[in-house]
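Numbering (the working numbering), first residue to last: 865 to 1077.
Here you go:
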């Protein structure tokens, strides 16, 4: 899709959001199977915070098909490549389909995976009403009946919570809620500069900079 920064990266081009901060890094893709790919998140909420995205343009993960069945491998393989030792992986998505649905300004499906030392309460992160429960990530995505936007949160390998959205959430709502739960006041990815944890993760995964190619 034109004007989609994630599509740019899926097709091997560097997005302006990334190249402005890391001009020396040729690519930040950590893992890909041709249908799903992963990369570290700009604006890390914890060390090795990464994103999981379908290669084909979809606005939300609920709209994906066979890619949903690849999520567990994508998360597990990426965690291994990044050397993540944290016992918990918090996963969340603001499934915003269009700019008027709120969201972070990027409308290509992307799940956030945040390594943590202890579990957070997904319902408190969502902070919404009429929350539904699913046995896992895949079950939650496949069971959704909404055609609109939604918010999703849970720990990998455990139950997930999700809610259909009757009205738009503020920009980066879930990022802010997670940051608050972690006792942090930095949550805006747009304000992020160069992050040592992002570069360290790429180095662990064996990602080379353009200067060393």
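For each residue, glycine too, the CB sits at the ideal point set by N, CA and C.
Just checking my contact of residue i with residue j at CB under 8 Å: how many whole Å lie between their CB atoms?
{"i": "residue 1024", "j": "residue 998", "result": "5 Å"}
{"i": "residue 980", "j": "residue 950", "result": "6 Å"}
{"i": "residue 1015", "j": "residue 992", "result": "6 Å"}
{"i": "residue 870", "j": "residue 972", "result": "4 Å"}
Within a Cβ cutoff of 6 Å, which residues of the same chain sit near residue i, ignoring the five residues on either side of it in sequence?
{"i": "residue 872", "result": "879"}
{"i": "residue 1040", "result": "1051"}
{"i": "residue 1076", "result": "Because residue 1076 sits at a pLDDT of 42, beneath the cut-off of 50, its placement in the model cannot be relied upon, and the following sentence gives the value as read from the coordinates. Cβ neighbours of residue 1076 beyond the five flanking positions: none."}
{"i": "residue 1010", "result": "1028"}
{"i": "residue 1026", "result": "996, 1004, 1014 and 1016"}
Alpha carbon to alpha carbon, what distance is there between residue j and residue i?
{"i": "residue 929", "j": "residue 945", "result": "25 Å"}
{"i": "residue 1049", "j": "residue 1042", "result": "10 Å"}
{"i": "residue 1018", "j": "residue 984", "result": "9 Å"}
{"i": "residue 1008", "j": "residue 1055", "result": "33 Å"}
{"i": "residue 886", "j": "residue 1052", "result": "18 Å"}
{"i": "residue 933", "j": "residue 876", "result": "23 Å"}
{"i": "residue 927", "j": "residue 867", "result": "20 Å"}
{"i": "residue 974", "j": "residue 919", "result": "10 Å"}
{"i": "residue 952", "j": "residue 1020", "result": "7 Å"}
{"i": "residue 906", "j": "residue 882", "result": "8 Å"}
{"i": "residue 899", "j": "residue 989", "result": "29 Å"}
{"i": "residue 896", "j": "residue 938", "result": "8 Å"}
{"i": "residue 1038", "j": "residue 986", "result": "11 Å"}
{"i": "residue 978", "j": "residue 941", "result": "15 Å"}
{"i": "residue 922", "j": "residue 1006", "result": "15 Å"}
{"i": "residue 1032", "j": "residue 959", "result": "10 Å"}
{"i": "residue 1044", "j": "residue 1034", "result": "15 Å"}
{"i": "residue 1069", "j": "residue 948", "result": "11 Å"}
{"i": "residue 925", "j": "residue 996", "result": "17 Å"}
{"i": "residue 994", "j": "residue 884", "result": "40 Å"}
{"i": "residue 901", "j": "residue 917", "result": "6 Å"}
{"i": "residue 1047", "j": "residue 1057", "result": "20 Å"}
{"i": "residue 1000", "j": "residue 1071", "result": "31 Å"}
Suppose the cutoff is 7 Å on Cβ atoms and the five residues either side in sequence are ignored; what does the same chain contact list for residue i look like?
{"i": "residue 903", "result": "873, 892, 893, 894, 914 and 915"}
{"i": "residue 908", "result": "1059, 1061 and 1062"}
{"i": "residue 943", "result": "953"}
{"i": "residue 841", "result": "This structure gives no information on residue 841, because the portion of the chain shown stretches from 865 to 1077."}
{"i": "residue 982", "result": "952"}
In its own chain, which residues sit with a C-beta less than 8 Å from the C-beta of residue i, not counting the 5 before and 5 after it?
{"i": "residue 1012", "result": "961, 965, 1028 and 1029"}
{"i": "residue 1002", "result": "932, 933, 935 and 936"}
query = Are the stretch 904-913 and the stretch 1049-1066 in contact at 8 Å, needing three or more beta carbon pairs?
reply = These segments touch.
Entirely enclosed alpha helix (DSSP H) segments - the stretch 973-1052, minimum 4 residues = Qualifying alpha helix (DSSP H) stretches, in chain order: 986-990, 1001-1007 and 1037-1045.
key: Runs of alpha helix (DSSP H) lying entirely within the stretch 876-945, each at least 4 residues, in chain order   = You should have 880-883 and 935-945.
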